[in-house]
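A.B. asks: What follows is a single structure, and I will ask about it in a moment.
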Amino acid sequence: MPTTSASDGTSLHYRVVGDGPRTVVLVHGWMVSGAVWNAMVERMDLTGLRLVIPDSRGTGQSGKPTTGYTLAQLAQDVLAVADAAGAKRFTVVGHSMGGQLAQWVAAHEPSRVDAAMLLNPVPAAGLPLPPDAAGLFRTSAGDRGKQTTIINLSCRLLEGTDIVETMLKDAANTSAVAIESIFDAWTKGGFADKLSAITAPTLVVATDDAFLPAAFLRDAVVNPIRRARLTYLPGPGHYPQVERPVEAAAMLAAFLAGSAPA
Numbered sequence: 161m162p163t164t165s166a167s168d169g170t171s172l173h174y175r176v177v178g179d180g181p182r183t184v185v186l187v188h189g190w191m192v193s194g195a196v197w198n199a200m201v202e203r204m205d206l207t208g209l210r211l212v213i214p215d216s217r218g219t220g221q222s223g224k225p226t227t228g229y230t231l232a233q234l235a236q237d238v239l240a241v242a243d244a245a246g247a248k249r250f251t252v253v254g255h256s257m258g259g260q261l262a263q264w265v266a267a268h269e270p271s272r273v274d275a276a277m278l279l280n281p282v283p284a285a286g287l288p289l290p291p292d293a294a295g296l297f298r299t300s301a302g303d304r305g306k307q308t309t310i311i312n313l314s315c316r317l318l319e320g321t322d323i324v325e326t327m328l329k330d331a332a333n334t335s336a337v338a339i340e341s342i343f344d345a346w347t348k349g350g351f352a353d354k355l356s357a358i359t360a361p362t363l364v365v366a367t368d369d370a371f372l373p374a375a376f377l378r379d380a381v382v383n384p385i386r387r388a389r390l391t392y393l394p395g396p397g398h399y400p401q402v403e404r405p406v407e408a409a410a411m412l413a414a415f416l417a418g419s420a421p422a
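If you're matching positions, the sequence shown starts at 161 in the working numbering and goes up one per residue.
As structure tokens, then:
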């Protein structure tokens with residue numbers, strides 16, 4: 161499994177699936193690692209594609225430093241992985257906080273991003289949570305009970321399934337400082353004024369996510385991005401790539417076909 165180094169020397173682990181000419185970087189969200197994409201990736205036709213799937217710092221097999229958990233550094237880590245994979249231009253697919261990081265990359269390095277697909281993305285402006293939810297999320301590191309509650313709150317179709325156990329094992333490997341500091345970073349946001357710089361065609365996917373309803377995503381993410389569109393996938397909650405991997409894979413395949421670079 162390849163690794164590269166972040167600007168501060170942190171080891172960044174990533175996987176490469178497929179060997180096609182078009183590179184697609186899959187950016188995961190808070191609490192989990194790149195493993196959150198597995199079910200969707202297994203159902204994709206990889207013809208012509210090369211998927212690059214990083215573990216962000218503090219998660220999965222990447223290094224777990226005590227610092228560097230800002231949106232800017234996490235986004236630079238994504239770019240470091242893209243560089244290591246030889247991807248001068250790529251499509252970025254981000255989920256949740258990973259969707260926020262995808263917006264950061266597309267806004268700050270528009271020449272490198274040929275298309276962006278955002279699954280239930282956290283807005284660039286951030287997403288402050290009610291105090292009870294914020295307390296639960298921020299103090300969940302190493303707490304299986306709290307993390308089970310978070311997954312069951314976030315998802316609509318997983319309760320009682322083996323998939324929850326898989327997600328819990330992944331989350332248990334995320335460091336406490338990553339849980340706390342990345343939570344602080346994505347709830348605060350802070351770069352909404354940069355979204356007008358995004359030039360890539362962008363698809364924002366909304367679901368029946370209680371935290372990020374479609375109307376909110378249209379106002380906070382779609383409208384500020386000039387070439388963005390919204391689509392709605394009914395049924396799943398916050399993790400469509402886990403709850404409905406067949407549909408998520410089909411949606412991504414259709415988006416890639418419709419946004420193929422000239």
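Backbone N, C-alpha and C fix where the C-beta goes; we use that ideal spot for every residue, glycine too.
Below 8 Å, can you find three or more Cβ-Cβ pairs linking the region 250-266 to the region 279-298?
C.D. replies: The region 250-266, when compared against the region 279-298, does touch it at the 8 Å Cβ threshold.
A.B. asks: By Cβ distance below 7 Å, which residues in the same chain neighbour Ala357 in space, the five residues on each side in sequence not counted?
C.D. replies: Here the question's residue 357 lines up with position 197 in the sequence shown. Excluding residues within five positions, the ones whose Cβ falls inside 7 Å are Ala267, Pro270.
A.B. asks: Taking just the CA atoms, how far does Ala345 sit from Tyr229?
C.D. replies: Within the sequence shown, the letter at position 69 stands for residue 229. Within the sequence shown, the letter at position 185 stands for residue 345. When rounded, the distance between both Cα atoms is 7 Å.
A.B. asks: Considering only their Cβ atoms, is the gap separating Leu296 from Thr308 smaller than 8 Å?
C.D. replies: Position 148 of the sequence shown, counted from the first residue, corresponds to residue 308. Position 136 of the sequence shown, counted from the first residue, corresponds to residue 296. In this structure, Leu296 does not lie closer than 8 Å to Thr308 by Cβ.
A.B. asks: The beta strand (DSSP E) that contains Arg175, what's its start and end?
C.D. replies: Translated into positions along the sequence shown, residue 175 becomes position 15. Arg175 -> beta strand (DSSP E) spans 171-177.
A.B. asks: What's the C-alpha gap between Arg378 and Ala366?
C.D. replies: As a working note, residue 378 is residue 218 in the sequence shown. As a working note, residue 366 is residue 206 in the sequence shown. Those two C-alpha atoms are separated by around 9 Å.
A.B. asks: Could you tell me the distance, in whole angstroms, from the CA atom of Gly191 to the CA atom of Gly208?
C.D. replies: Taking the first residue of the sequence shown as position 1, residue 191 is located at position 31. Taking the first residue of the sequence shown as position 1, residue 208 is located at position 48. The sequence given here places Met at residue 191; Gly does not occur at that position. Computed Cα separation, rounded: 31 Å.
A.B. asks: Identify every residue that forms a DSSP beta bridge with Ala276.
C.D. replies: Counted from its first residue, the sequence shown places residue 276 at position 116. DSSP output for Ala276 lists Val252, Thr362 as bridge partner(s).
A.B. asks: Let's see if you can read the secondary structure: which residues bound the alpha helix (DSSP H) around Val201?
C.D. replies: The residue you call residue 201 lines up with position 41 of the sequence shown. Here the alpha helix (DSSP H) through Val201 covers 198-202.
A.B. asks: Taking a contact to mean a Cβ-Cβ separation below 8 Å, would you say Val176 touches Ala245 in this structure?
C.D. replies: Along the sequence shown, one-based indexing puts residue 176 at 16. Along the sequence shown, one-based indexing puts residue 245 at 85. Their beta carbons are under 8 Å apart, which means Val176 touches Ala245 by this criterion.
A.B. asks: Can you give me the Cβ contacts of Leu287 inside the same chain, cut-off strictly under 8 Å, excluding the 5 residues immediately before and after it?
C.D. replies: Against the sequence shown, residue 287 aligns to sequence position 127. Excluding residues within five positions, the ones whose Cβ falls inside 8 Å are Trp346, Thr347, Gly349, Phe371, Leu372.
A.B. asks: Smallest Cα separation from His255: which of Val402, Arg298, Arg304?
C.D. replies: Counting from 1 along the sequence shown, the entry for residue 255 is found at position 95. Of the candidates Val402, Arg298, Arg304, the one whose C-alpha sits nearest the C-alpha of His255 is Val402.
A.B. asks: Which runs of the alpha helix (DSSP H) spanning at least 4 residues fall entirely within the region 365-418, listed in chain order?
C.D. replies: Runs of the alpha helix (DSSP H) inside the region 365-418: 374-377, 400-403, 405-418.
A.B. asks: DSSP puts Val212 in a beta bridge; with which residues?
C.D. replies: Start at 1 with the first residue of the sequence shown, and residue 212 comes out as number 52. The partner list for Val212 (beta bridge, DSSP) reads Val176, Val185.
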